[in-house]
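**Q**
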Amino acid sequence: MKSFLKSLILLSLSLSAHSLELRPGDILLIELRCYSCSIIADETGSRFSHSGVVLGKQGNETFVAQALGRVHVTTLSNFKSQKVKSTSLLVLRPKNFSPSENLMEVFSRDWSGIPFDSNYTWDDEKLYCSEFVAKFLESFMGPVFPPKPLDFSRNWDYWSSVLNPVPQGEPGNSPGDFERSSEVEVIGEIF
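Using our numbering, read the sequence shown as starting at 114 and increasing by one per residue.
1. Using 8 Å as the cut-off, classify the Cβ of Tyr148 as near or not near the heavy atoms of the ligand MN, replying yes or no.
2. Measuring straight from C-alpha to C-alpha, what distance separates Pro288 and Asp223?
3. Whose C-alpha, out of Phe176, Arg146, Leu168, Asp237, is nearest the C-alpha of Gly200?
4. What is the C-beta distance between Arg293 and Asp155, in whole angstroms, given that I count them as a contact (C-beta under 8 Å)?
5. Identify, in the order they occur along the chain, each residue of the same chain with its Cβ nearer than 8 Å to the Cβ of Leu128, setting aside the five sequence neighbours on each side.
6. Check the DSSP bridge columns for Ala154 and list the partner residues they point to.
7. Just checking my contact of Pro207 with Val257 at CB under 8 Å: how many whole Å lie between their CB atoms?
8. What does DSSP give as the partner residue(s) for Phe229 in the beta ladder?
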């Protein structure tokens, strides 16, 4: 019975995705198509390996900011095209989010073009995807998504071959941390 109810809830969330109204500040989580991304998902206990944040809408187009390459803006359709085929995009809404400034303007002024952080370090001038989302939203909400000690132990051999040094135990976050956060509510899924 529990399984049936859970399936019914997920179905209703996904069916409402077509009429889902995204809002500025919504966090979007996807399964990105890359080998490192599958390792990230495994390491963090989540199917999600990439995150972005909705900046707003202009005309019929919704814009999403992400740290993939440099921190930049893309359209929702381009963001969705990065995901693994036949998977859904999860929409999370931060609780009590009511920015006093236009997110697109703040992004353009303060965040656009920041280099990608391929070393996954929290306290430098570069940003990886979930670090960007947390710090960007923090500029409006305060520290509701604080970093926690990173753990690379499940896939140590891989990480030690691509990161020098591996930031084991250093502060950081992952897309899965948003998924598990009590500071967000699940709005739905988009296929």
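C-beta: ideal position from N, C-alpha, C; glycine also. No experiment lies behind these values; they were computed from the predicted model shown.
**A** Reading it off the structure:
1. Questions concerning the ligand MN fall outside what the structure shown contains, since it holds no ligand whatsoever.
2. 22 Å
3. A small fix is needed here, since residue 200 is Thr in this sequence, not Gly. Closest option to Thr200, Cα to Cα, is Arg146.
4. Between Asp155 and Arg293 the Cβ distance is about 16 Å, and since that is not below 8 Å, they are no contact.
5. The pLDDT assigned to Leu128 is 42, lower than 50, so where the model puts this residue is not dependable; a value taken from the coordinates is nonetheless given after this. Excluding sequence neighbours, Leu128 sits near nothing in its chain.
6. In DSSP, Ala154 forms no bridge with anything.
7. 7 Å
8. Leu240
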